[in-house]
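The numbering of the sequence shown is the numbering used here, which starts it at 270 and goes up by one. Below is one structure, written out as structure tokens; comments come after it.
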Amino acid sequence: MPRTLYIFLLFFSIFIASNISAQSPQEEYLQENIAQHKFDEKKYSELTKDIDFTEKEKKEKKKKKKSNFDPNKFDGLGDLFKFLFIGAGIIVLVFLLIKLATGENMFLPRDKKLKPAVANIDLEKIEDNLEGTDLTDPIRQAIAAGHFPLAVRLYYLAVLKELSLKKTIRWKKDKTNGEYLREMAGSPIFKNMQEITLIFERVWYGDVELDEKDFREIEQGFQSMLFSMD
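Put into structure tokens, the structure is as follows:
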């Protein structure tokens with residue numbers, strides 16, 4: 270046995286032995302010899318003559334009745350909830366992995382996902398070259414496919430395109446609609462732009478359900494805006 274290991278085991282044995290042999294104050298008290306004294310029955314009677322022991326017994330019975338609750342019954346619930354939580358987390362993780370593997374965009378509202386009839390409309394590509402893109406045909410495709418939220422978005426992009434060409438705004442893909450409105454402060458068409466911006470945001474980002482009649486009413490506002498800029 271190596272010398273260092275031997276020394277370590279020696280000190281460890283001494284430490285354990287000292288802890289076992291050491292007595293706490295409570296243990297020392299329990300081992301003390303108890304001095305015996307003669308019981309004075311007369312003195313005890315005088316001291317306890319006014320005490321009502323029946324009341325104490327009633328209180329003790331009530332306490333016993335109230336203490337019927339057994340906390341040990343619920344010891345297993347903590348583990349149960351822990352396993353349920355872990356199981357739910359695994360299910361969500363698997364769901365996300367499946368969605369990512371299939372390439373489905375799950376972070377857009379369901380009605381905003383492009384239908385097969387308009388799958389060739391690439392919004393990213395359009396926004397990358399907005400001023401050089403003709404939006405007439407994509408708008409017609411979206412309307413024909415009944416994808417009215419997409420048609421509203423394309424109309425809004427058409428308005429931004431015209432405003433950019435006329436130098437009313439400075440188009441940039443990552444700018445917010447609020448930034449465009451601030452650029453148009455004081456413009457004669459500011460109020461109209463504010464109205465169609467609100468409509469666009471409610472339709473595209475909200476949960477507004479559009480039928481063809483609703484869309485045609487909205488379409489008039491966008492066409493009027495485009496006509497006023499000719």
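Glycine included, each C-beta is placed from N, C-alpha and C at the ideal position. Treat the numbers as computed from the prediction; the structure is a model and nothing was measured.
- The C-beta distance from Asn446 to Glu478 rounds to 22 Å, too long to meet the 8 Å contact threshold.
- Take the alpha-carbon of Leu434 and the one of Arg451: they are about 17 Å apart.
- Distances from the CA of Met494 to each of Ala413, Arg439, Tyr424, Asp443 were compared; the closest alpha carbon is that of Tyr424.
- Looking at Phe459, Met453, Leu392, Ala413, the one whose alpha-carbon comes closest to that of Ala427 is Leu392.
- Distances from the CA of Lys441 to each of Glu400, Asn461, Ile487 were compared; the closest alpha carbon is that of Glu400.
- The three-state reading of DSSP puts Glu478 in coil, since its state is none of H, G, I, E or B.
- In the three-state scheme derived from DSSP, where H, G and I count as helix and E and B as strand, Asp443 is classed as coil.
- Looking at Arg422, Leu432, Gly455, the one whose alpha-carbon comes closest to that of Tyr474 is Arg422.
- Taking a 10 Å sphere around the C-beta of Pro407, we find 16 or more other C-beta atoms and assign the residue as buried.
- Rounded to whole angstroms, the Cβ separation of Leu429 and Tyr449 is 7 Å, and the two are in contact under 8 Å.
- Cα atoms of Ala357 and Val387: separation of roughly 36 Å, rounded to the nearest angstrom.
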